[in-house]
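*Asks:* Heads up, the sequence shown is in the working numbering, so the first residue is 1 and it goes up one at a time. Cβ atoms here follow ideal geometry from the backbone N, Cα and C, with glycine treated the same way.
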Amino acid sequence: MKTATQHSSLRAKIQTFGGFLTNMVLPNIGAFIAWGLVTAMFIKSGWFPNKNLNELVNPTIKYLLPLLLAYTGGRMVGGHRGGVLGAIGTMGLIVGSQVTQFLGAMIIGPLGGWIMKQIDHFFENRIRAGFEMIVNSFSIGIIGFVYLIINYQFIGPIIEVANNLVKAGVEGLVHTGMLPLVALINEPAKVLFLNNVIDQGIYYPLGMQQTLKLGHSLYFMLASNPGPGLGLLLAFSLFGHQAAKRTAPGAMIIHFFGGIHEMYFPYVLMKPITIIAMIFGAMSGIITGQILGGGLVAGPSPGSILAYIALTPKGHFLANTADVLVATTVTFLIAALLLKRDKTPVDDDQLEKSQQQLEQMKSSPQSTTTTSESATTTPVNVTQIEQFHKVSFACDAGMGSSAMGATSFRKRLAKLGVSNVSVKYYRIEDVPADSDVVVVHQDLAERTRRAHPQLPIISLNNYLQDPQLEQLANLIAAKNK
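Shown next as structure tokens:
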């Protein structure tokens, strides 16, 4: 039991780290896409080559994008002043090295935020009245000066070496033909909500650097390819049992066109053996992309086929389409074979487990959540809440599955005549402390408990179909009459 708990805790910590990286990148994804579109349009091999507009490409990727990442990371840790110090330090990295400093920005930005937070804490209650502005201005100015020089002289070259090592390792996989093996890591990581550590931390920075040279990069497609998920859901639509067969078509549309890959995660968890289909499907897509020279100009966020189309550069539509179709076909064939050979009606078992969770939620004071060891308060049972005011849906990044779940649940409440309850979606760490209840996927439950030990938590198998959602909606309707 202890070993299982340790593994679960480690996964929660990795998820938190991945979520931090994601929330450094996602607020700036529009800038990345803008750069990608400029690259696709105006470089020499672009749709509309333009020598003057092509001058925007290098400065944007060298200065603007890393500085945005650094400011965002610093602000997440140390507020606005932390963001400013993170950006100052990253400028030293940029000038002091010869590589694009995405990796450096993701390190130096948050570190600058932490340093600024410690400095501000030190001066708190130590500044005489009337001297606040001068102390605040000069403290960040002096620390920024030192931080800038240190990063320029020492840290920049070190991170450049680290960046080149990571790049060399991945390029080594490419040159030896072993790049498809990354699917062995990507696919299991995705269904455990661990993919952001790899995607945002490694593939995106490498993809941007490669795009600067080649005009596109296959790295952007390694973990975001919607093909494997489409193939799996198609197999469940045709050969799944009962509930899975009924719900898979809707999940397939949301996954493929909406780009919310979390839609297929529950299906893999219901039939863990189907991860084999996902791995081989992803591998086949990567091989196809390598052979045909596929790639995107920026990271697709979300991983929708519509984003793929928008970010495909001139001359690569055939390669990218083939990549997705091959991954879909291989996954579908293997998953279909596995589902047809497996006669166990897992859906019934899953529904039974969900019903048991419902009964526990009704009768047990702490059934919907378990406090962490450091918790000082015990969350109340949701059935003991006199009236609901705020329901918070949470997920890794607070933009994909939680947004979809919140929208669906809001409509569910409206049908029951409930209009006075706020239903919003958040990143796990940003869930408001005054939430009546937090709704989260079961694989993110421990991370949520660690972040909010005082709040009731309902963990689901599916943000749309889980029976607990209907139970919660009926409970809210009864309480808020």
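#1: Among the candidates N420, C395, N474, K479, whose CA atom is the shortest distance from the CA of R449?
#2: Given this structure, state the Cα-to-Cα distance separating S422 from H389, to the nearest angstrom.
#3: Compare the C-alpha of I286 against each of Y219, V382, M91 and name the closest.
#4: How would you call R75, buried or exposed, if buried means at least 16 neighbouring beta carbons within 10 angstroms?
#5: By the three-class DSSP mapping on this structure, what secondary structure does A87 have?
#6: Which residue's Cα is closest to the Cα of G315: F48, V25, I33?
#7: Where does F393 sit, in a helix, a strand or coil, going by DSSP?
#8: Using CA coordinates, which residue listed in Q153, S237, V166, F280 is at the minimum distance from Y264?
#9: Mind reading off the beta-carbon distance from L212 to I61? Whole number of angstroms is fine, and I expect it under 8 angstroms.
#10: Please work out which residues of its chain come closer than 7 angstroms, Cβ to Cβ, to K117, disregarding the five sequence neighbours upstream and downstream, and give them in chain order.
#11: Counting pairs of Cβ atoms below 8 angstroms between the region 327-334 and the region 219-231, do you hit three or more?
#12: Considering only the alpha carbon of each residue, which of I143, E55, N52 lies closest to L85?
#13: What three-state label does DSSP hand K424 in the structure shown?
#14: Assign H121 to one of three DSSP states: helix, strand, or coil.
#15: Residues in the same chain with beta-carbon distance under 7 angstroms from H255, minus the five sequence neighbours each way, listed in chain order, please.
#16: In angstroms with no decimal places, state the Cα-to-Cα distance between I476 and L413.
#17: Taking DSSP as the reference, what is the three-state secondary structure of H316?
#18: Taking just the CA atoms, how far does L416 sit from N474?
#19: Whose C-beta lies closer than 6 angstroms to the C-beta of V439 among residues of the same chain, with five residues either side of it excluded?
#20: By DSSP, does H80 sit in helix, in strand, or in coil?
#21: Here's the rule: buried if 16 or more other CB atoms are within 10 angstroms of the residue's CB, otherwise exposed. What is K44?
#22: Which same chain residues end up closer than 6 angstroms to V166 when comparing Cβ atoms and leaving out the 5 residues on each side of it in sequence?
#23: Determine the contact status of A319 and G294, defining contact as a CB-CB distance below 8 angstroms.
#24: Under 8 angstroms, do N58 and V99 count as touching if we go by C-beta distance?
#25: DSSP state of H241, grouped into three classes?
#26: Report the rounded CA-to-CA distance for M497 versus G259, giving the unit in angstroms.
#27: Grab me the residues of I119's own chain with a C-beta within less than 7 angstroms of its C-beta, minus the 5 sequence neighbours each way, in chain order.
#28: What three-state label does DSSP hand L26 in the structure shown?
#29: Since I believe G104 is in contact with T72 (beta carbons under 8 angstroms), could you give me their beta-carbon distance rounded to a whole number of angstroms?
#30: In whole angstroms, give me the CA-to-CA distance for E124 and F17.
#31: Rounding to the nearest angstrom, what Cα-Cα distance links H441 and N461 in this structure?
#32: Let me check one thing: in DSSP terms, what residues is S224 bridge-paired to?
#33: Is S139 helix, strand or coil when you go by DSSP?
#34: What is the DSSP secondary structure of H452, counted as helix, strand or coil?
#35: Assign D323 to buried or exposed, taking buried as 16 or more other Cβ atoms, counted over all protein chains shown, within 10 Å of its Cβ.
#36: Since S483 is in the beta strand (DSSP E), which residue starts that stretch and which ends it?
*Replies:* In short, the structure shows the following:
#1: Taking the first residue of the sequence shown as position 1, residue 449 is located at position 449. If you compare the alpha carbons of N420, C395, N474, K479 with that of R449, the shortest gap goes to C395.
#2: Taking the sequence shown and counting its residues from 1, the one referred to as residue 422 is at position 422. Taking the sequence shown and counting its residues from 1, the one referred to as residue 389 is at position 389. So the two alpha carbons sit approximately 6 angstroms from each other.
#3: To locate residue 286, count along the sequence shown from 1; it is residue 286. Nearest Cα to I286 within the set Y219, V382, M91: Y219.
#4: For this step, residue 75 is matched to residue 75 along the sequence shown. By the neighbour-count criterion, in which 16 or more other beta carbons inside 10 Å mark a residue as buried, R75 falls on the buried side.
#5: Translated into positions along the sequence shown, residue 87 becomes position 87. Assignment of A87 by DSSP, reduced to helix, strand and coil, places it in the helix class.
#6: Residue mapping note: residue 315 aligns to position 315 of the sequence shown, counting from 1. Measuring from the Cα of G315, the nearest candidate turns out to be F48.
#7: To locate residue 393, count along the sequence shown from 1; it is residue 393. The answer is strand: DSSP assigns F393 an E or B state.
#8: In the sequence shown, counting from the first residue as 1, residue 264 sits at position 264. Closest option to Y264, Cα to Cα, is S237.
#9: Here residue 212 is taken as the residue at index 212 of the sequence shown, counted from 1. Here residue 61 is taken as the residue at index 61 of the sequence shown, counted from 1. Yes, they are in contact, since the Cβ atoms of L212 and I61 sit about 6 angstroms apart, within 8 angstroms.
#10: Residue mapping note: residue 117 aligns to position 117 of the sequence shown, counting from 1. If you ignore the 5 residues before and after K117, its C-beta comes within less than 7 angstroms of the C-beta of V77, G78, G82, all in its own chain and listed in chain order.
#11: Touching, yes.
#12: Sequence index remark: in the sequence shown, residue 85 carries index 85 (1-based). Comparing Cα positions, the closest option is I143.
#13: What you label residue 424 is simply residue 424 of the sequence shown in a count that begins at 1. Strand, per DSSP.
#14: By one-based count along the sequence shown, residue 121 stands at place 121. H121: helix per DSSP, three-state reduction.
#15: What you label residue 255 is simply residue 255 of the sequence shown in a count that begins at 1. Within the same chain, H255 has close Cβ partners P226, G229, L230, L233, H261, M263, Y264.
#16: For the purposes of this step, residue 476 is identified with residue 476 of the sequence shown, where counting begins at 1. For the purposes of this step, residue 413 is identified with residue 413 of the sequence shown, where counting begins at 1. Rounded to whole angstroms, I476 to L413 spans 8 angstroms at the Cα level.
#17: Reading the sequence shown from its first residue, position 316 is the one you call residue 316. Of the three classes helix, strand and coil, the one that applies to H316 here is coil, per DSSP.
#18: Position 474 of the sequence shown holds residue 474. Position 416 of the sequence shown holds residue 416. Each residue's Cα considered, the two are about 8 angstroms apart.
#19: For this step, residue 439 is matched to residue 439 along the sequence shown. Result list for V439: F393, I458, in chain order.
#20: One-based indexing of the sequence shown puts residue 80 at position 80. DSSP places H80 in helix when its eight states are reduced to three.
#21: Position 44 of the sequence shown holds residue 44. K44 should be labelled exposed.
#22: Mapped onto the sequence shown, residue 166 falls at position 166. Excluding positions up to five away in sequence, the list is empty.
#23: Taking the first residue of the sequence shown as position 1, residue 319 is located at position 319. Taking the first residue of the sequence shown as position 1, residue 294 is located at position 294. Taking 8 angstroms as the cut-off, the beta carbon of A319 is found closer than this to the beta carbon of G294.
#24: Along the sequence shown, read from residue 1 onward, the residue named residue 58 stands at position 58. Along the sequence shown, read from residue 1 onward, the residue named residue 99 stands at position 99. No, Cβ-Cβ distance for N58 and V99 is not below 8 angstroms.
#25: What you label residue 241 is simply residue 241 of the sequence shown in a count that begins at 1. DSSP places H241 in coil when its eight states are reduced to three.
#26: Not covered by the structure: residue 497. The range shown for the chain is 1 to 481.
#27: Numbered from 1 along the sequence shown, position 119 holds the residue referred to as residue 119. Same-chain partners within the cutoff: S139, I143.
#28: As a working mapping, residue 26 is identified with position 26 in the sequence shown. L26 carries a helical assignment under DSSP once its states are collapsed to helix, strand and coil.
#29: The count along the sequence shown starts at 1 and reaches residue 72 at position 72. The count along the sequence shown starts at 1 and reaches residue 104 at position 104. Not really, about 14 angstroms apart at Cβ, beyond 8 angstroms.
#30: Here residue 124 refers to the residue found at position 124 of the sequence shown. Here residue 17 refers to the residue found at position 17 of the sequence shown. Distance between the alpha carbons of E124 and F17: 29 angstroms.
#31: Along the sequence shown, one-based indexing puts residue 441 at 441. Along the sequence shown, one-based indexing puts residue 461 at 461. Cα to Cα, H441 sits roughly 6 angstroms from N461.
#32: On the sequence shown, position 224 is the one that residue 224 refers to. DSSP, once it has assigned bridges, lists no residue as partnering S224.
#33: To locate residue 139, count along the sequence shown from 1; it is residue 139. Reduced to three states, the DSSP call for S139 is helix.
#34: Locating residue 452 in the sequence shown gives position 452, counting from the first residue. Coil.
#35: For the purposes of this step, residue 323 is identified with residue 323 of the sequence shown, where counting begins at 1. Its Cβ being crowded by 16 or more others within 10 Å, D323 is buried.
#36: Residue 483 is absent from the structure shown; the chain starts at 1 and stops at 481.
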